[in-house]
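There are 2 protein chains.
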Amino acid sequence: MSELAAKAKELDASDRLAGLRARFVLDDAVYLDGNSLGALPTAVPGRMEDVVRRQWGSLRIRSWDESGWWTAPERIGDLIAPLVGAAPGQIVVGDSTSVNVFKALVAAVRMAGDGGGNGGDRGDDGSGRDEILVDATTFPTDGYIAASAARMTGCTLRPVAPADVPGALTGRTAAVLLNHVDYRTGRLHDLPGLTAAVHAAGAVAVWDLCHSAGALPVGLDEHGVDLAVGCTYKYLNGGPGSPAYLYVRRELQDRFDSPLPGWNSHAEPFGMRAEYQAAEGAVRGRVGTPDILSMLALEAALEVWDDVPVDAVRAKSLALTDFFLECVAAYVPAGTVESLTPEAHAERGSQVALRCPGAGDVMKRLIDSGVVGDFRPPDVLRFGFTPLYVGFADVERAARVLARTLS
Amino acid sequence: MSELAAKAKELDASDRLAGLRARFVLDDAVYLDGNSLGALPTAVPGRMEDVVRRQWGSLRIRSWDESGWWTAPERIGDLIAPLVGAAPGQIVVGDSTSVNVFKALVAAVRMAGDGGGNGGDRGDDGSGRDEILVDATTFPTDGYIAASAARMTGCTLRPVAPADVPGALTGRTAAVLLNHVDYRTGRLHDLPGLTAAVHAAGAVAVWDLCHSAGALPVGLDEHGVDLAVGCTYKYLNGGPGSPAYLYVRRELQDRFDSPLPGWNSHAEPFGMRAEYQAAEGAVRGRVGTPDILSMLALEAALEVWDDVPVDAVRAKSLALTDFFLECVAAYVPAGTVESLTPEAHAERGSQVALRCPGAGDVMKRLIDSGVVGDFRPPDVLRFGFTPLYVGFADVERAARVLARTLS
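Sequences listed follow chains D and P, in order.
This note's numbering applies: residue 14 is where the first sequence begins, and numbers increase by one.
This note's numbering applies: residue 14 is where the second sequence begins, and numbers increase by one.
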């Protein structure tokens with residue numbers, strides 16, 4: 014056994030989270046793509062069977078009350094809340110991340126312009142705040158949706174590297190949309206510092222947590238984040254395309270003015286009133302009828318977090334990525350790959366991105382050899398480390414297979 | 014056996030669609046709430062088990078290609094197409110009805126203002142079209158979302174009874190949002206005539222098919238409808254909160270300018286480009302990652318339509334509602350209930366709405382007696398007749414139990 018294989022064995026033996034792997038359906042592959050689609054939690058198949066056969070098939074319409082379908086968006090939001098450092102009552106689940114980015118960003122611009130003039134949506138509402146800043150290296154959909162939100166609220170959109178945000182903030186800035194962890198490089202951005210800078214400039218901070226929630230502490234309440242969105246199919250293991258979530262800070266809920274005021278966000282949804290009156294609280298972020306099958310699969314999936322401290326998850330995540338970088342340095346000839354992921358723990362999420370020529374083909378061969386990561390154009394191998402089910406022996410094997418594949 | 018019970022037996026015996034009931038999981042209750050939540054098709058539980066255990070649990074990320082997850086929205090759209098009279102390539106499935114109403118209505122206003130002035134979204138774009146008409150008795154969410162679409166495009170919103178639309182159309186009308194069948198009364202509106210009137214005024218017609226698709230022929234292509242939306246959990250039996258759909262007429266697809274241009278609608282979604290470029294075709298109506306569990310349950314559910322002609326469904330639907338009205342007239346003392354549903358076949362959907370005092374309590378007692386309809390405030394008993402699984406004996410029994418409950 015090599016030195017690193019022996020070290021992996023030791024690390025696994027002392028890993029207090031190692032037992033959590035049994036909460037997932039896994040096989041012999043090394044699955045390092047949980048940052049794209051989380052593995053199947055063992056609780057899900059049985060729950061889905063009950064939801065389909067009993068709740069839908071037998072109770073049918075009665076399940077909206079009796080099986081708790083109607084309140085699922087806020088109930089499941091409260092299950093996600095502790096994972097992102099939020100007190101209950103501030104998160105609703107539903108719609109896609111893209112749709113939630115739209116809700117959050119339009120609402121943010123409206124909040125920024127609150128006191129202002131003509132009551133319209135335009136930046137010329139008297140507040141003088143008519144610019145949205147967006148992470149220049151964002152996952153594309155955030156940028157596309159931000160452009161639409163800007164267009165529809167009369168704002169201009171300015172892409173800025175996250176580190177340059179403090180210098181780019183002006184009295185014209187209405188809202189800033191940032192990613193907690195960059196989807197490509199795995200860089201962790203300074204959520205507390207950037208949020209404080211946004212607030213100091215009088216603007217509203219919107220964070221996208223897709224690549225951080227479930228892998229590291231977020232601290233939404235603690236750091237005063239205004240609005241946040243995230244998906245649930247990566248580190249939260251909710252299943253393919255499971256619904257996203259929206260966080261609206263409690264103090265801002267009364268000012269949350271949704272661009273998608275569907276009937277589920279009405280104060281009295283079954284009153285069937287022609288006039289819209291927004292519900293109080295996080296429920297105001299709901300839109301239409303929730304997709305119950307996907308939503309209740311997510312609820313079952315979140316059971317894997319029972320008694321799992323997020324700090325322990327973060328510690329293991331850093332240990333995993335540290336060890337991967339160590340194994341890669343040991344096994345892969347120098348100069349063959351270049352890491353895009355920051356060395357500093359404070360700047361690292363739960364993935365490692367390696368740049369190499371022919372990355373698309375390399376990833377195909379890795380997958381054929383039982384090491385599953387993914388490829389992001391033009392030249393990035395992306396490896397996600399889900400602390401709940403990835404172990405250190407997996408990491409050593411992945412680096413070893415990578416070295417063999419590259420040689 | 015009473016005369017009507019005997020007639021029911023005869024009608025069931027000669028019903029060529031009677032065998033379709035075996036395609037659903039049903040029990041002894043008379044389920045007349047399929048216009049709210051369709052019953053469970055027998056094909057769904059096994060499919061869901063495969064989707065969860067094999068596609069997600071075993072193939073994991075590979076299923077986006079190998080299990081056809083990525084193309085599900087347009088593939089399932091093409092399954093719905095023949096049910097609403099649309100050629101393939103014009104429907105995508107995803108998001109809620111509310112979200113699709115927003116996409117359709119904003120896109121409609123933009124189409125109406127196409128040639129015009131300043132390139133912005135406002136009604137003052139030079140086209141002079143700055144008004145949206147909406148069905149005054151619409152299901153509330155359509156009205157709420159229409160108000161938001163109006164606000165965000167600089168239009169005014171005017172509620173108008175569908176019959177009054179032709180007289181309300183002016184050169185200022187940008188778009189008209191109408192329901193094919195009224196959710197409360199079951200009234201079927203004149204889709205061909207109203208669409209023609211909207212077009213004659215130079216405006217764009219958007220139809221909500223929630224209460225018609227799957228119960229009667231719609232003829233989207235034939236009647237030149239511009240845009241349409243609908244849910245899939247009523248007569249299409251897709252399951253609780255199953256994803257909605259969006260129809261964009263082929264000739265208008267190049268001009269479909271979505272307010273929710275998520276990465277799934279990009280011409281090259283995996284190119285991860287900072288610049289948005291809309292895909293060609295119906296795919297342009299997609300937004301974020303599709304909710305695969307709900308979506309593939311819907312795909313399995315749509316198998317019940319194999320070899321089922323929509324015209325035969327419509328004929329049975331009218332026979333069912335005719336017979337229900339006949340039984341109610343025979344069993345329920347005159348003056349006890351008042352039907353809100355039109356007598357004329359041309360004006361009737363697939364439900365019967367009866368107004369009566371204490372309707373909420375009456376419905377509770379009906380449900381306790383095994384006849385499941387629903388209550389819509391303030392005083393409406395709503396009975397939906399799904400021709401695929403409701404028979405004439407069910408109808409007779411429902412009227413009989415209703416009479417007993419009311420006496």
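Yeah, the Cβ is synthetic: ideal placement off N, Cα and C, and Gly gets one too.
Residue burial classification, residue i (beta-carbon count within 10 angstroms, cutoff 16)
i: P/P54; result: buried
i: P/A159; result: buried
i: P/G132; result: For P/G132, the predicted model reports a pLDDT of 37, less than 50, meaning its position is unreliable; a value from the coordinates is still stated below. P/G132 comes out exposed.
i: P/M14; result: exposed
i: D/R29; result: exposed
i: D/L377; result: Looking at the sequence shown, residue 377 of chain D is not Leu but Lys. Per the 10 Å Cβ criterion, exposed.
i: P/Q290; result: exposed
i: P/P274; result: buried
i: P/A26; result: exposed
i: P/A280; result: exposed
i: P/G107; result: buried
i: P/R73; result: buried
i: P/D177; result: exposed
i: P/E16; result: exposed
i: D/S420; result: exposed
i: P/F336; result: buried
i: P/P86; result: buried
i: P/E351; result: exposed
i: D/D148; result: buried
Cα-Cα separation, residue i to residue j
i: P/Q103; j: P/L233; result: 10 Å
i: D/P95; j: D/A357; result: 26 Å
i: P/T198; j: P/G51; result: 19 Å
i: D/F115; j: D/F152; result: 14 Å
i: P/A241; j: D/R410; result: 52 Å
i: P/R66; j: P/L353; result: 47 Å
i: P/R262; j: P/A210; result: 17 Å
i: P/E293; j: P/E264; result: 12 Å
i: P/L331; j: P/I93; result: 22 Å
i: P/R299; j: D/A163; result: 20 Å
i: D/R135; j: D/T166; result: Below a pLDDT of 50, predicted positions are generally treated as unreliable, and D/R135, at 47, falls in that range; no measurement from the model is reported.
i: P/S255; j: D/V403; result: 33 Å
i: D/L191; j: D/R88; result: 26 Å
i: P/T349; j: P/V341; result: 10 Å
i: P/T150; j: P/T110; result: 17 Å
i: P/A21; j: D/L118; result: 57 Å
i: D/V452; j: D/A31; result: Beyond the ends of chain D as shown, which are 14 and 420, falls residue 452 of chain D; an answer cannot be given.
i: D/A372; j: D/D203; result: 29 Å
i: D/Q364; j: P/A310; result: 33 Å
Limits of the beta strand (DSSP E) - the one that residue i falls within
i: D/V365; result: Q364 to R368
i: P/R395; result: V393 to G397
i: D/F269; result: First-last for D/F269: undefined, no H or E at that position.
i: P/A218; result: V217 to D221
i: D/D387; result: D387 to R389
Continuous alpha helix (DSSP H) stretch holding residue i: start and end
i: P/L240; result: Taken as a continuous stretch (DSSP letters only), P/L240 belongs to no alpha helix (DSSP H), being part of the beta strand (DSSP E) at L240 to G243.
i: D/D381; result: A372 to D381
i: D/L259; result: Looking at the DSSP string, D/L259 is not in any alpha helix (DSSP H); the run it does join, the beta strand (DSSP E), is Y258 to V261.
i: D/L24; result: E16 to A26
i: P/V419; result: The sequence given here places Leu at residue 419 of chain P; Val does not occur at that position. It spans F405 to L419 - the alpha helix (DSSP H) in which P/L419 sits, taken as one unbroken run.
Interface residues of chain B facing residue i [CB-CB closer than 7 Å]
i: D/W69; result: Protein chains in the displayed structure are D and P, and chain B is not among them.
Complete alpha helix (DSSP H) runs within the region 127 to 210 of chain D (minimum length 4 residues, chain order): Fully enclosed alpha helix (DSSP H) runs of 4 or longer: 153 to 166 and 178 to 181.
Whole runs of the alpha helix (DSSP H) within the region 48 to 136 of chain P, excluding any shorter than 4 residues: Those alpha helix (DSSP H) runs which fall completely within the region 48 to 136 of chain P and span 4+ residues are 56 to 62, 76 to 79, 85 to 93 and 110 to 125.
Stretch-stretch touch, CB-based, cutoff 8 Å, three pairs: the region 118 to 129 of chain D with the region 263 to 278 of chain D: yes
In chain order, each alpha helix (DSSP H) run of at least 4 residues that lies wholly inside the region 301 to 364 of chain P: 305 to 314 and 323 to 344
The region 301 to 315 of chain D in contact with the region 183 to 201 of chain P per 3-pair CB rule at 8 Å: no
At least three beta-carbon pairs within less than 8 Å, the region 213 to 220 of chain D to the region 176 to 186 of chain D: yes
Inter-stretch contact (C-beta, 8 Å, three-pair minimum) for the region 71 to 81 of chain P and the region 220 to 236 of chain P: no
The region 319 to 328 of chain P in contact with the region 389 to 397 of chain P per 3-pair CB rule at 8 Å: When Cβ pairs closer than 8 Å are counted between the two stretches, the region 319 to 328 of chain P is seen not to touch the region 389 to 397 of chain P, the count staying below three.
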